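Notes follow once the structure below has been shown.
Protein chains in written order, with this note's numbering: chain A, 1 to 117; chain B, 1 to 116.
This is the structure in structure tokens:
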């Protein structure tokens with residue numbers, strides 16, 4: 001069964017510093033991987049996704065993530081944090097069931113990013 | 001842009017009441033989902049639907065039911081609300097399970113339900 005582990009439920013960085021949010025997955029089939037962001041009192045918004053092809057994926061708001069199969073990781077990075085990046089971030093992996101007839105997303109427990117001025 | 005709307009942002013109900021949460025999407029998506037979100041537990045799937053009148057249990061279906069009479073609308077029903085159902089409820093939709101490139105889900109703003 002697929003699973004997702006996000007290391008660090010809370011991460012704090014200074015404005016302008018590198019953002020690194022960690023995600024490791026477990027999957028018995030080639031995974032599709034996603035990062036979502038949730039701002040306070042809002043739903044989740046897709047940041048970026050990896051399906052096939054290039055392993056370095058660029059998303060919105062300057063974020064990117066790299067799929068590393070050997071490490072079963074999909075860490076999210078941003079070179080320079082901005083105050084507006086403060087939010088909760090969720091990593092997710094697709095779950096293939098019923099021979100692929102239905103696919104669900106399995107979410108990690110989230111990482112709350114704080115950005116200090 | 002895909003738009004997923006939920007009937008209420010905040011809802012307060014009493015224990016034992018029947019509660020309806022409504023979700024509507026405007027992009028002709030085949031799949032719709034209901035999650036609950038609790039601190040430290042992430043998102044947990046309650047039910048999903050891949051077609052009108054079709055539904056599948058998720059990871060935590062106990063105490064909930066769903067209805068999908070029209071493609072654009074997916075309702076979550078709490079038959080007899082209890083205090084442990086106090087939570088944030090998120091609805092989502094996705095285009096189709098037949099297209100791997102469309103597995104991503106689009107979320108509504110959420111309904112924060114308090115059961116007293």
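In this text, a Cβ means the ideal position worked out from N, Cα and C, and glycines have one as well. These numbers were taken from a predicted model, which means no experiment stands behind them.
Going by the beta-carbon positions, is the gap between residue i and residue j smaller than 8 Å?
i	j	result
residue 65(A)	residue 15(A)	no
residue 55(B)	residue 44(B)	no
residue 31(B)	residue 94(B)	yes
residue 109(B)	residue 45(A)	no
residue 113(A)	residue 87(A)	yes
residue 61(B)	residue 77(B)	no
residue 40(B)	residue 77(A)	no
residue 90(A)	residue 107(A)	yes
residue 89(B)	residue 114(B)	no
residue 107(B)	residue 4(B)	yes
residue 9(A)	residue 111(A)	yes
Whose Cβ in chain A lies nearer than 8 Å to the Cβ of residue i?
i	result
residue 17(B)	Neighbours of residue 17(B) on chain A: none; closest Cβ ~24 Å, over 8 Å.
residue 85(B)	Neighbours of residue 85(B) on chain A: none; closest Cβ ~19 Å, over 8 Å.
residue 90(B)	43 and 44
Can you tell me which of the options puts its alpha carbon nearest to the alpha carbon of residue i?
i	options	result
residue 2(A)	28(A), 39(A) and 73(A)	28(A)
residue 116(A)	18(A), 72(A) and 4(A)	18(A)
residue 65(B)	53(B), 72(B) and 14(B)	53(B)
residue 63(B)	19(B), 32(B) and 103(B)	19(B)
residue 26(B)	73(B), 98(B) and 104(B)	73(B)
residue 61(A)	37(A), 67(A) and 54(A)	37(A)
residue 29(B)	22(B), 114(B) and 105(B)	105(B)
residue 21(B)	96(B), 91(B) and 70(B)	91(B)
residue 84(A)	63(A), 103(A) and 92(A)	63(A)
residue 59(A)	35(A), 40(A) and 9(A)	35(A)
residue 36(B)	59(B), 51(B), 97(B) and 50(B)	59(B)
Taking Cβ-Cβ distances shorter than 7 Å, what residues in chain B pair up with residue i?
i	result
residue 58(A)	None at all; the shortest Cβ gap to chain B is about 15 Å.
residue 34(A)	104
residue 109(A)	40, 41 and 42
residue 94(A)	103
Using a cut-off of 7 Å between C-beta atoms, extract the partners of residue i located in chain A.
i	result
residue 109(B)	42 and 43
Residues of chain B with CB closer than 9 Å to the CB of residue i, please, in chain order.
i	result
residue 132(A)	With chain A represented from 1 up to 117, any question about residue 132(A) goes unanswered, as that position is not in the structure.
residue 90(A)	42 and 43
residue 78(A)	Chain B residues near residue 78(A): none, gap ~20 Å exceeds 9 Å.
Any beta carbon from chain D within less than 8 Å of residue i's own beta carbon?
i	result
residue 67(A)	Within the model displayed, chain D is absent; protein chains A and B are what it includes.
Does the ligand FMN have a heavy atom nearer than 7 Å to the CB of residue i?
i	result
residue 37(B)	Summarising the ligand content, the structure contains no ligands, and the ligand FMN is consequently not present.
>> I'd like the ranges of any beta strand (DSSP E) spanning at least 3 consecutive residues and lying wholly in the stretch 66-95 of chain B.
In response: 73-78 and 87-94
> Do the stretch 7-14 of chain B and the stretch 20-31 of chain A make contact, defined as three or more Cβ pairs closer than 8 Å?
Replying inline: no
> For the stretch 83-93 of chain B against the stretch 70-78 of chain A, are there 3 or more C-beta pairs whose distance is under 8 Å?
Replying inline: no
>> Does the stretch 29-39 of chain A come into contact with the stretch 50-59 of chain A, if we say contact requires no fewer than three beta-carbon pairs (one atom in each stretch) closer than 8 Å?
In response: yes
> What are the complete beta strand (DSSP E) segments, minimum 3 residues, inside the stretch 2-88 of chain A?
Replying inline: 3-7, 10-14, 19-26, 33-38, 44-50, 56-58, 64-68 and 73-78
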